[in-house]
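Chemist: Under my numbering, read the first sequence as residues 2 to 519, first letter to last.
Just so you know, even glycine gets a beta-carbon here, dropped at the ideal spot from N, CA and C.
Let me give you the structure first, and then I'll get to my questions.
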Amino acid sequence: MQRALSVHRSDGARSNFPNWYQAVVREADMAEISPVRGCMIIKPWGYGVWELIQKELDKRIKDAGHDNCYFPLFIPLSFIAKEASHVGGFAKEMAVVTHHRLKTIDGKLQPDPDSKLEEPLIVRPTSETIIGDAFSRWIKSHRDLPMLINQWANVVRWEMRTRLFLRTTEFLWQEGHTAHADGHEAMEETLRILDLYREFSEKILAMPVIDGEKSANERFPGAVKTYSIEAMMQDGKALQAGTSHYLGTHFAEAQNIRFQNETGELTLCHTTSWGVSTRLIGGVIMTHGDDDGLRLPPTIAPKQIVIVPMLRGKPEDADVLGFCHRLTDALSQMKVYGQPIRVLFDTKDVKSADKRWNWVRRGAPIIVEIGPRDVANGVVSFMRRDSLRDGDKVKSHSMPRDEFVAGAAGLLNQIQATLFAEAKNRLESNIRSDITSPGALAEYFGAGKDDDEADEFKGWVRAPWSNPTGAALAGIEQQLKSLKLSIRNAPMDQDESHGPCIFTGEKGVQDILIARSY
RNA sequence: CGGGGCGUGGCGCAGCCUGGUAGCGCAUCUGCUUUGGGAGCAGAGGGUCGCGUGUUCGAAUCACGCCGCCCCGACCA
2 MQRALSVHRS DGARSNFPNW YQAVVREADM AEISPVRGCM IIKPWGYGVW
52 ELIQKELDKR IKDAGHDNCY FPLFIPLSFI AKEASHVGGF AKEMAVVTHH
102 RLKTIDGKLQ PDPDSKLEEP LIVRPTSETI IGDAFSRWIK SHRDLPMLIN
152 QWANVVRWEM RTRLFLRTTE FLWQEGHTAH ADGHEAMEET LRILDLYREF
202 SEKILAMPVI DGEKSANERF PGAVKTYSIE AMMQDGKALQ AGTSHYLGTH
252 FAEAQNIRFQ NETGELTLCH TTSWGVSTRL IGGVIMTHGD DDGLRLPPTI
302 APKQIVIVPM LRGKPEDADV LGFCHRLTDA LSQMKVYGQP IRVLFDTKDV
352 KSADKRWNWV RRGAPIIVEI GPRDVANGVV SFMRRDSLRD GDKVKSHSMP
402 RDEFVAGAAG LLNQIQATLF AEAKNRLESN IRSDITSPGA LAEYFGAGKD
452 DDEADEFKGW VRAPWSNPTG AALAGIEQQL KSLKLSIRNA PMDQDESHGP
502 CIFTGEKGVQ DILIARSY
């Protein structure tokens with residue numbers, strides 16, 4: 002059967018999934034690899050999605066009381082060295098600036114040895130240390146608290162292996178940093194943001210997630226507690242889509258972030274940090290994409306409705322164009338999610354059929370096609386990207402023009418709801434809680450089976466455990482690693498009582514999610 | 001960084017084993033025909049075959065080195 006994409010996923014098998022993913026990124030015009038290793042060029046359609054993500058998330062962050070700032074791209078080496086586990090966690094992936102000038106030596110342009118920096122600068126992998134330094138100067142009194150700051154920035158982490166959007170050397174993100182008078186308040190902030198991320202992911206990205214706490218060895222370097230939202234991709238793997246950390250007084254101690262409390266005592270602040278990145282776009286692609294390309298939730302589609310005129314090179318073309326112009330204007334007057342509907346009248350001099358398939362691949366939620374017959378009958382023919390086909394055939398709908406205009410916002414809402422419902426159903430129906438031993442876990446995830454079987458779609462496992470620490474935890478992690486599994490998080494949503502621990506057999510204290518992951 | 005695969009016009013690939021100076025499909029451009037849907041015919045443009053060194057009269061093809069991409073592992077938010 003003919004599909005809009007050059008690479009197809011093969012019925013749930015994971016083997017073809019990476020190729021399919023790359024095909025979507027490329028053919029949906031989202032991004033391309035750049036001349037710089039591990040870095041990507043985000044193209045207009047992909048960046049448009051990011052801008053909408055920024056807009057929606059920025060609003061929520063500000064509504065929660067945070068102000069935006071901008072801190073330097075460079076961080077003095079001495080800053081990053083201040084918090085021991087923080088350095089430990091990031092040391093292996095730092096880009097370091099050592100010179101400030103180039104010189105041609107022996108005909109070769111190279112860093113001028115005479116321009117060596119006294120103190121090397123690192124390109125920020127995250128900004129806790131430089132923001133903490135500012136906090137230590139900004140915060141003097143309990144009246145300065147809480148300090149609620151956010152920044153939109155690029156960061157660099159020199160990863161071994163990169164994938165477009167999911168893990169790139171440079172990526173765009175938002176990082177929130179807050180300081181509070183006590184641990185209780187800082188924990189509240191950490192969880193409030195976690196919930197904000199969950200709500201944002203579900204409502205705006207139509208990507209259902211499970212929020213929970215990370216296990217001890219997956220904590221952010223320097224954190225006391227780390228929480229995440231985890232989304233299920235269409236190959237069954239988990240994607241960590243956002244994190245929120247309670248940093249305790251670790252950074253406050255390292256950087257002397259103190260305030261005088263009501264009784265005049267000098268007291269350490271409790272800090273938090275949290276972020277989501279362009280990785281979310283990868284999550285959207287792997288959550289909603291299909292064999293015809295990307296399917297964008299209307300909330301983040303740069304163009305929600307695209308109108309393609311069916312021109313014939315005949316006199317009635319003028320009528321078609323006029324009809325399309327008026328339709329574009331009428332739709333632009335309508336609102337969805339409190340903002341004008343984003344409509345594009347695609348007048349590019351390209352064959353109509355090609356335009357249609359380009360928009361299908363890019364995932365425009367509604368694609369309208371107008372020909373002379375539509376004009377004569379005063380109707381609008383359109384396709385819904387969320388349910389493009391009936392079997393193999395493309396499903397085309399027709400509706401009186403005024404009815405379509407009046408119902409457009411509702412239709413976009415419906416598409417958003419359909420995408421979310423599909424993803425939600427996939428998530429919920431693929432978490433098994435009937436696996437209660439390491440043996441059963443190994444069997445389910447295909448240990449010892451041949452490649453084809455091991456390659457089948459697997460979801461997640463939810464199981465009780467006794468929350469072991471130290472060597473016991475490390476042993477379990479090792480065991481999971483041999484199955485390519487990891488503990489994703491301990492969901493916030495927990496039952497009162499728990500069965501015996503899947504690993505130790507001891508009394509369970511909470512449920513955890515186990516999955517393959519990105 | 002270890003194991004495997006790959007790198008040939010924008011995209012997908014053949015040619016490589018058995019060296020003789022580049023080909024196919026899609027896309028692009030032009031013209032004609034077609035027109036409720038990914039059109040047909042004819043013609044055209046576009047590649048120093050990832051980079052470098054070597055072997056050879058001659059290298060996409062053989063050897064060595066390097067770079068990049070993908071998968072698995074290691075690592076990691």
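For Met384, which residues does DSSP report across the bridge?
Modeler: Ile368
Chemist: Alpha carbons only, please: which of Gly265, Thr264, Leu269, Leu240 is nearest the one belonging to Ala253?
Modeler: Minimum Cα distance to Ala253 is reached at Leu269.
Chemist: Taking only runs of the beta strand (DSSP E) that begin and end inside the stretch 260 to 293, which ones reach a length of at least 3 residues, in chain order?
Modeler: For the stretch 260 to 293, whole beta strand (DSSP E) runs of length 3 or above, ordered along the chain, are 267 to 269, 271 to 278.
Chemist: For the alpha helix (DSSP H) that contains Thr419, what are its first and last residues?
Modeler: 402 to 430
Chemist: Would Lys215 and Asn426 be called neighbours here (beta carbons separated by less than 8 Å)?
Modeler: No, the pair does not count as a contact, with Cβ atoms beyond the cut-off.
Chemist: Considering only their Cβ atoms, is the gap separating Phe201 from Leu32 smaller than 8 Å?
Modeler: In the sequence under discussion, the amino acid at residue 32 is Ala, which differs from the Leu named in the question. Taking 8 Å as the Cβ cut-off, Ala32 and Phe201 do not qualify as a contacting pair.
Chemist: Cα-Cα, which of Thr437, Gly364, Gly47, Asn431 is closest to Leu420?
Modeler: If we check each option's Cα against that of Leu420, Gly364 comes out closest.
Chemist: With a threshold of 7 Å on Cβ separation, who are the neighbours of Tyr247 within its own chain once the five nearest residues in sequence on each side are excluded?
Modeler: Ala187, Met188, Thr191, Ala224, Val225, Lys226, Thr273
Chemist: So is Met233 buried or exposed if we call it buried at 16+ other beta carbons inside 10 Å?
Modeler: buried
Chemist: Pull the bridge partners of Tyr338 from the DSSP assignment, please.
Modeler: Its beta-bridge partners do not exist; DSSP assigns none.
Chemist: Looking at the structure shown, is Gly223 part of a helix, part of a strand, or coil, going by DSSP?
Modeler: coil
Chemist: Once the 5 residues before and after Asn20 are set aside, which same chain residues still bring their CB inside 6 Å of it?
Modeler: Val8
Chemist: What residues are listed by DSSP as bridge partners for Leu6?
Modeler: The partner list for Leu6 (beta bridge, DSSP) is empty, contrary to what the question assumes.
Chemist: Am I right that Ile371 and Arg385 are in contact with their C-beta atoms under 8 Å? What's the rounded C-beta distance?
Modeler: That belief does not hold up - the Cβ atoms of Ile371 and Arg385 are roughly 16 Å apart, past 8 Å.
Chemist: Which same chain residues end up closer than 7 Å to Ala443 when comparing Cβ atoms and leaving out the 5 residues on each side of it in sequence?
Modeler: Leu484
Chemist: Which first and last residues belong to the beta strand (DSSP E) in which Lys238 is found?
Modeler: Neither: Lys238 is in no beta strand (DSSP E) and is coded neither H nor E.
Chemist: Using a threshold of 8 Å, state whether the C-beta atoms of Leu149 and Asp68 are closer than that.
Modeler: yes
Chemist: Alpha carbon to alpha carbon, how far is Pro114 from Thr99? Give it in angstroms, no decimals.
Modeler: Rounded to whole angstroms, Thr99 to Pro114 spans 10 Å at the Cα level.
Chemist: Runs of 3 residues minimum, wholly inside the stretch 73 to 136: which ones carry the beta strand (DSSP E) assignment?
Modeler: 75 to 77, 97 to 100, 103 to 106, 109 to 112, 117 to 124
Chemist: Using a 10 Å radius around the Cβ and a threshold of 16 neighbouring Cβ atoms, would you call Tyr534 buried or exposed?
Modeler: With the chain represented from 2 up to 519, any question about residue 534 goes unanswered, as that position is not in the structure.
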